[in-house]
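This report concerns only the one structure given below.
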Amino acid sequence: MPEGHVTHRNVRLQTAALGLGQAISATSPQGRFRDGAALLDGRSLESLDAHGKHLFYRWEGDLRLHVHLGLIGKFQIHLGPAPTPTPATRLVLESNSASVFLAGPMVCDVITPDEEQAIRRDLGPDPISMPRRGHQFVERLARKRVPIGAALLDQSVIAGVGNVYRAELLFLAGMHPAMPANDVTADEAMTLWKLAVTELRRGVELGDILTVKPHDIGVRSRVGLTREEGVYAYQREDLPCHRCGAPIRLNSDGARKIWHCPSCQPG
DNA sequence: GGGTGATGCTGAG
DNA sequence: TCAGCCTCACCCC
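For the first sequence, position 161 (counting from the first letter as 1) is numbered 163 according to this note's numbering, and the numbering increases by one without interruption.
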């Protein structure tokens, strides 16, 4: 489930599991990252940081490891003895206490600090780690001549929002996905930003995307909710809206699907 | 056991 | 705009 909440959760979990300031062994069972792993092997891990869906590991000797999970990339964290990695595992990082397995990432590269800065420059503000940068989101959104639904997936406008959060944030804001981004008022944009901060931060805590307000579905907590119960719009076509009962609609926005409630998100 | 789709993104045309 | 990439869970037979 690689939207921004997953990278930030991995920063937290992997930092705790691997530990900082100690030598880490790095290998590539799959082989595609053999040279990169050899560069990192035995170096001390100094810190981990996330910006949107990008993960940056800082190593002794000013090296950076850049990981982007893409659509299908996955991390596994094993405390204590690790199982044998599958042959598809791109990278294994191992400390005295834990192992991290990485499979299927879109990007897994050793880069320089300058290259990291260049990647970050092209990214918009991250609502999880930069909650006070809402003004930057408002400015960048106002310059976009695309529908708000497309603008929210543009990582140079807001970093970390993917297809699930896009659908959910627009529902919570009561905005139709096709509304032109440059017609969104500054107040409406700031509302969207605050929703993004709240929802993505909750995603980091829960390790899942659960945007539904429990009272809307007649329960007291989000614990144990299924995906269909836990979100308002995403992948709920033809199901009744949790708020008003109208059937959720599916539309296509280029290659990506987008869902909305025709009654709660008019326009 | 095969087929498919997925929370992403790029590059060719 | 669309194919392609990477991997795996899930569905159907």
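For each residue, glycine too, the CB sits at the ideal point set by N, CA and C.
Test item: CB-CB of residue i and residue j under 9 angstroms
i, j, result
"Q78", "F103", "yes"
"G136", "V159", "no"
"G38", "V112", "yes"
"A144", "V186", "yes"
"K191", "G54", "Here the sequence assigns Ala to residue 191, which means Lys is not the residue at that position. No. Outside cutoff."
"R45", "I26", "yes"
"L174", "E201", "yes"
"L271", "H70", "Here the chain has residues from 3 to 269 only, and residue 271 is not among them."
Host beta strand (DSSP E) of residue i (start-end)
i, result
"V102", "A100 to A105"
"D255", "R251 to D255"
"V109", "V109 to I113"
"D51", "L47 to H53"
"R34", "Counting along the chain, R34 falls outside any beta strand (DSSP E), and DSSP gives it neither H nor E."
DSSP-derived helix/strand/coil call for residue i
i, result
"L155", "coil"
"K196", "helix"
"P129", "coil"
"R203", "helix"
"H262", "strand"
"A25", "strand"
"P216", "helix"
Buried or exposed (CB count within 10 angstroms, at least 16 for buried), residue i
i, result
"G232", "buried"
"S254", "exposed"
"A18", "exposed"
"I211", "buried"
"R92", "buried"
"A153", "buried"
"M108", "exposed"
"S101", "buried"
Extent of the continuous alpha helix (DSSP H) run through residue i
i, result
"R15", "For clarity, residue 15 is Leu in the given sequence; the question names Arg instead. Counting along the chain, the alpha helix (DSSP H) containing L15 begins and ends at G6 to L20."
"V140", "G136 to A144"
"F173", "N165 to A175"
"F229", "Sequence check: residue 229 is Arg here, not Phe. Its alpha helix (DSSP H) spans residues R229 to G232."
Please give the ranges of any beta strand (DSSP E) in the stretch 37–94, keeping only runs that are unbroken, at least 3 residues long and fully inside the region.
Counting only runs of 3 or more, we get 47–53, 56–61, 65–70 and 76–81.
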